[in-house]
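First up is the structure itself, then whatever we jot down about it.
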Amino acid sequence: MHIKSIIVEGFKSYAQRTEINGFDPLFNAITGLNGSGKSNILDSICFLLGISNLTHVRASNLQDLVYKNGQGGITKATVSITFDNSNKSQSPLGFETHDEITVTRQVVIGGRNKYLINGVNANNTRVQDLFCSVGLNVNNPHFLIMQGRITKVLNMKPPEILAMIEEAAGTRMYECKKISAQKTIEKKEAKLKEIQTVRQTSKLIFDKCIFERSSYLEYQKLMREIQHLSRLYVAWLFVCAEETKVKSAENLKVMQDNIAKMQATMAENESKVQELSAQIQELQKKKDQEVNGVLKSLEEALADVQRVDTKAQSALDLKKQNLKDEMKKKKELVKSMEEDKKMLTVKEKEVSKLAEQLKTLQEEGQKDSAALEAAEQHFKAVSAGLSTNEDGEEATLAGQMMACKNDMSKADTEAKQAQMTLKHAQTELKTKQAEVKKMDSGYKKDQDNFQAVRSSREKLEAELAKLNYEDGKEESLLDQRRQLSREVAKLKETYERLVSRFPNLRFHYKDPERGWDHSKVKGLLANLITVRDVSYATALEVVAGGRLYNIVVDTEVTGKKLLEKGELQRRYTIIPLNKISAKTLNDKVVNTAKSLVGEDNAHTALSLVGYESDLRKAMEYVFGSTLVCDTLDNAKKVAFDKQVMTKTVTLGGDIFDPQGTLSGGARSQSASVLTSLQELKEVQDNLREKEAQLHDTERQLAGLKGTAEKYRQLKQQHELKVEEEQILQAKLQQSSFHQQQEELERLRKAIEESEETLRVSKEVQKRAEEKYKVLENKMKNAEAEREKELKAAQQKLNTAKSKADAFNKKLKQKQQESDAVALELEELRREQTGYEQQIQAVDEAMKAIQEQIDSMSCTVSQNKVFVPVRKAQEELAKQKEVIMAQDKELKVNTILEQNNEVQLKIKELEHNISKHRKDSQDAADKVTRMLEEHDWIHSERQFFGQPNTSYDFKTNNPREAGQRLKKLEETTSKLERNVNKRAMNMLNEAEERYNDLMKKKRIVENDKAKILQTIEELDQKKNEALNLAWQKVNKDFGSIFSTLLPGATAKLAPPQGCGVLEGLEFKVALGNTWKENLTELSGGQRSLVALSLILAMLLFKPAPIYILDEVDAALDLSHTQNIGQMLRTHFRHSQFVVVSLKDGMFTNANVLFKTKFVDGMSTVSRTALSQSDTNLPQKGQDKARQKDKRNKQM
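Using my numbering, you'd call the opening residue of the sequence shown number 252 and step up by one each time.
Next comes the structure, spelled out in structure tokens:
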């Protein structure tokens, strides 16, 4: 594959379209004056090959490649090269069927860049693959020897020379693929880690499912046991119920017998009681006579006292009852109020609903009113002799007939015009269709291309939309980052400048131990305070003195560690907060000082600084024992007052000490430390804020990096597609076929419009004729028609009136209903207000009653402890005891007691009888209920209590079974909340997922192992190929160098102590002496070394094209002639494009291109050199040799 022709337009100095045709397949030379554009031809080839390092083509960006940077009216640079591909053995992959390959690259001002291969858009990767497949890798070129390349080869380090050998051997591409494979391995590793993470998660889920399955199985086991125990327990309860039923019947019979016996005993005792009662009456008369007087007086006294007490108690109970009634009344009122509230809400909703209905009715009424008004107007018109036409307008029959005649005439005219237009358009359409058929094929192809480009453009737009990236966002963030960086740098500079003014404010230390807690060291005292008023800064600085630079720490242990292991840069005083003791001024002294000079003229130094609460001890130590005054006089008055006697400082920094010393005078004109410190803190805070913003911006930029790059690529492709679509669209629109198509479409539309007009006109004409006939008939029967219309209008008017009356009636009903509901709503609101007032009155009444109850309760309690009442009660009790003692002498009490005991026993037996009856009934009900609830009792009843069955009550204790059943039911109720009844299915799913993950893990591990094995095998093959390439290139390198410089030897050898795979370096011997360094050679000899290496590599693996740019610049004429002849005779397998200013080189070429610079643009002319042209005239050669000899002598 070799270059056939180059077309350059707008590229560097080639402003106009320049075609360079007739390239020789073997040896081409380019010459011309400096600045005429000869190297620009080579630059255009490199540009098309896709060079990424633009410095090789002497440009900083793609815009520099456009003629005059786009300022000469040219906005794009295009290079198109046609390659001969007739030799299929050297054809690029995928292009074996093409005899020629045309590659075009275009760059537009603004950065748009596109490739075309054989006229079809292609991306950069495809073009690179095309050239790399034939050994033209422009980004690692051994076929491209530009200006300065000889020097670069000479300055190459051993690894770089080895890289050239690798490129020639073809193993360099393997290195790229190896890096790609290693990245794939990294991805596999990441995938493995991801799978491992998912596997661990799945393992946890799997373990959880196993646990849930065991819980579910345990739950099922418990349910089976519950079912068994439940049956056993129910059977036992059923048997117990039946036994209870039988035993209760037996006990009932026994108790009834006992009652009969006891009743007989009671009858005997009653007869005895009657006999004794007569005796008792006689004795009672005697006893009454003896004690009646005393007892009666006591009882009367007690009755009086009790009557007063009872009266008070009754009044109290009455008030309590009143209180309860009031509370009950309040409760009822609150309840009624709540109910009315609910009713109020319902009524409010009802009122709003009725209002909406009323509004709807009013709208309907407006429609009915309009209809009534229209009916009245129509009736009036008909009465006046007018009739209604189709448009609803009133007109006479004669007028309507005249309008119909006009419509018929107009429709007929339009129909004739449409018929003529239609006929003309149809004729012209047939003619145009015949013309279009002849030019259809080319347009269809362009149309398909246009559709393909449009679909590609839409696809790119969809991809751009998916990215969800705002255009220019990255640029705005970059501008923001630059702005923030400048601000941060400026703030850092300001901070350092401020800190440098006060070096004592710097405090740095090294962590005394690992895991050091930095919160233990609070920092410099100056950095821990804030001055509340800047005017006091000087005074506070004087108060603090050297202590301003003390270090505050939490404990003395921290201070000791800091001094011993903190590597402090200078001496510091440590203030431990737990040990420091400070003397502070008491309030009495401070108040005395303020009373002497005024409230605002004297302050404690401590009150003028702000600090954290945990630093109070340190601040009291520094500022706690000093006062600050505004003037010298006030400071003097305060300091030496007998009740104050305290050190005082003025705002200017003068000190009054009560011991008799005064300090003051001129102070430094520089700013106060505390004032500057305040400024420093502001700068520091601002710096932190800006650094945080910068960090956030950089994080956003990092997140957008990949998206922005992809967006730019897609946008570039989209712009290319848009431009291509516009070009194709313009081409289609400008084509004669498109114009003919538009004309055809216009004719079709005209035909359709004419046909539509014709159809409408005929319909209008037909309707007008029909209407005219109807109107004629009406004219004939005008009187009858008028009567008919009048009757219809009257009927319509009556209907409208009746409808309007019905609506008014309905509206009135709805209005009345709405008013009634509104009144109810208003009444409810008034009742709510009444309820609130009643509740308030009840609350006040309850409060008054409660006060009366409290007063009465106090009176009753006093009556209960009244002394005469107690004495009367004691006297009465004594007298009753005497009477009781006399009653004991009578036996009647014994009989009565016996009788009472019998009665009690009878009652007890009756109670037991009723209880047994109830138990018996309950047992019978229980048996019936259990038979209904448990169907299985009927079938298994005969096994209840039988040995060797599941209902054996001796083997299985039913009571224990009941307790066990209760515990199991509690356990299962807890389990039911946590047990997962889908655990079995979930376990199977989790197991499948886990197994699937393990399978994927094995696949990824196998893939990784295979890739590593392949890399290892290819590494071995690469080393073998590299050794072979080195040996062959080394052999040819030595041979070519010996040919170009007889008597000299050269070789490529690894550096001392290194292997071939670590790098190669030049070794040159002149005669038998090996030079230690290439600097011992002349410039021409060094150039021959580099050229020999390049030519040796060409012999090893020739590229199809070689580009040499003034490689003979450092050589004399004879060496140049030798190189030209060697290229011509020995390198017949590749195409050479050589730029040279020396005759000895370009006279050996088959084709010579000469460049000139005319009117600010480069031009090219071609000269074919025949065999005879290759030898210069002897005279010219002699002159050249003499000139070369003079140069050597000089």
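Every residue gets a Cβ at the ideal spot worked out from N, C-alpha and C, and that includes glycine.
(message) Measuring alpha carbon to alpha carbon, tell me which residue in Ser1333, Ala1092, Cys1309 and Val1311 is nearest Ala1320.
(response) Ser1333
(request) Inspect the beta-carbon positions of Val860 and Arg963 and report whether they are closer than 8 Å. (result) no
(message) If you reduce the DSSP assignment to three classes, tell me which class His253 lands in.
(response) strand
(request) Consult DSSP for Ile780 and reduce its assignment to one of helix, strand or coil. (result) coil
(request) Return the CA-CA distance between Pro797 and Thr958, expressed in angstroms with no decimal places. (result) Sequence check: residue 797 is Gly here, not Pro. Each residue's Cα considered, the two are about 58 Å apart.
(request) To the nearest angstrom, report how far apart Ser620 and Arg1010 are at their CA atoms. (result) 41 Å
(request) Taking only the alpha-carbon atoms, compute the straight-line gap between Gln451 and Ser466 and give it to the nearest angstrom. (result) 22 Å
(message) The beta strand (DSSP E) that contains Gly283, what's its start and end?
(response) Phe278 to Gly283
(message) For Gly286, which residues in the same chain have their Cβ closer than 7 Å to its Cβ, ignoring the five residues on either side in sequence?
(response) Phe1408
(request) For Ile271, I'd like the list of residues in its chain whose CB is within less than 6 Å of its CB, leaving aside the five on either flank, ordered along the chain. (result) Ile257 and Val1415
(message) Comparing C-alpha positions only, which one of Leu503, Ala1347, Glu589 and Leu1349 sits nearest to Val1080?
(response) The sequence given here has Arg at residue 1080, not Val. Of Leu503, Ala1347, Glu589 and Leu1349, the residue nearest in Cα terms is Glu589.
(request) Can you give me the start and stop residues for the beta strand (DSSP E) that Thr1300 sits inside? (result) Ala1299 to Ala1304
(request) Starting from Thr376, follow its DSSP beta bridges and name the residues at the other end. (result) DSSP lists no partner for Thr376.
(request) Below 8 Å on the Cβ atoms is my guess for Thr1371 versus Gly1395; work out the distance and round it to an integer in Å. (result) 4 Å
(request) Excluding the 5 residues preceding and the 5 following Met252 in the sequence, name in chain order all residues of the same chain whose CB lies nearer than 6 Å to its CB. (result) Phe334, Asn336, Gln341, Val385 and Pro1355
(message) Only counting the same chain, and skipping five residues up and downstream in sequence, which positions put a Cβ closer than 6 Å to that of Ala886?
(response) Cys880, Thr899, Thr901 and Phe907
(message) Tell me the rounded alpha-carbon separation between His629 and Ser603.
(response) 39 Å
(request) Could I get the ranges of all uninterrupted alpha helix (DSSP H) runs contained in the segment 1043-1067, with 4 residues as the minimum, in chain order? (result) none
(request) Leaving out five residues on either side along the sequence, give the residues of the same chain with a beta carbon under 7 Å from the beta carbon of Lys888. (result) Leu847 and Val848
(request) Find out if the Cβ-Cβ distance for the pair Leu791, Val804 is shorter than 8 Å. (result) no
(request) On a CA-only basis, which of Cys297, Arg482, Asp315 and Arg400 is nearest Ala1192? Give me that one, please. (result) The sequence shown places Arg at residue 1192, not Ala. Of the candidates Cys297, Arg482, Asp315 and Arg400, the one whose C-alpha sits nearest the C-alpha of Arg1192 is Arg482.
(message) How far does the beta strand (DSSP E) with Phe1408 in it extend, from its first residue to its last?
(response) Val1402 to Val1409
(message) Going by beta-carbon coordinates alone, are Asn291 and Lys263 separated by less than 8 Å?
(response) yes
(message) Tell me the residue span of the alpha helix (DSSP H) that contains Cys880.
(response) Element bounds for Cys880: not the alpha helix (DSSP H) but the beta strand (DSSP E), Leu878 to Cys880.
(request) Apply the 10 Å Cβ neighbour rule to Arg821 and answer buried if 16 or more other Cβ atoms are within range, or exposed otherwise. (result) exposed
(message) Using a Cβ-Cβ cutoff of less than 8 Å, which residues in the same chain neighbour Ser1293 once the five nearest sequence positions on both sides are dropped?
(response) Ala1299, Thr1300 and Ala1301
(message) So, with DSSP's three-state summary, where would you put Val371?
(response) strand
(request) Please go through the same chain and pick out, in chain order, the residues whose beta-carbon is closer than 7 Å to the beta-carbon of Ile325, but skip the five residues on each side of it. (result) Gly261, Ala266, Val317 and Tyr318
(request) Measure the Cβ-Cβ separation of Glu1347 and Val1284 and say whether it is below 8 Å. (result) One detail in the question is off: residue 1347 reads as Ala in this sequence, not Glu. Cβ atoms of Ala1347 and Val1284: closer than 8 Å.
(message) With distance defined between alpha-carbon atoms, name the residue in Glu347, Val358 and Asn312 nearest to Gln968.
(response) Val358
(request) Could you tell me if Trp1187 is buried or exposed, where buried requires 16 or more neighbouring beta carbons within 10 angstroms of its beta carbon? (result) exposed
(request) With DSSP as the reference, label Asn1278 as helix, strand or coil. (result) helix
(message) If I follow the unbroken beta strand (DSSP E) through His854, where does it start and stop?
(response) Ala853 to Thr855
(message) Taking CB distances under 8 Å as the criterion, tell me whether Cys1109 reaches chain D.
(response) Absent from the structure is chain D; it holds one protein chain and no more.
(message) Tell me the rounded alpha-carbon separation between Ser1106 and Gly1085.
(response) 32 Å
(message) Going by C-alpha to C-alpha distance, which of Thr282, Arg268 and His1189 sits closest to Lys1405?
(response) Thr282
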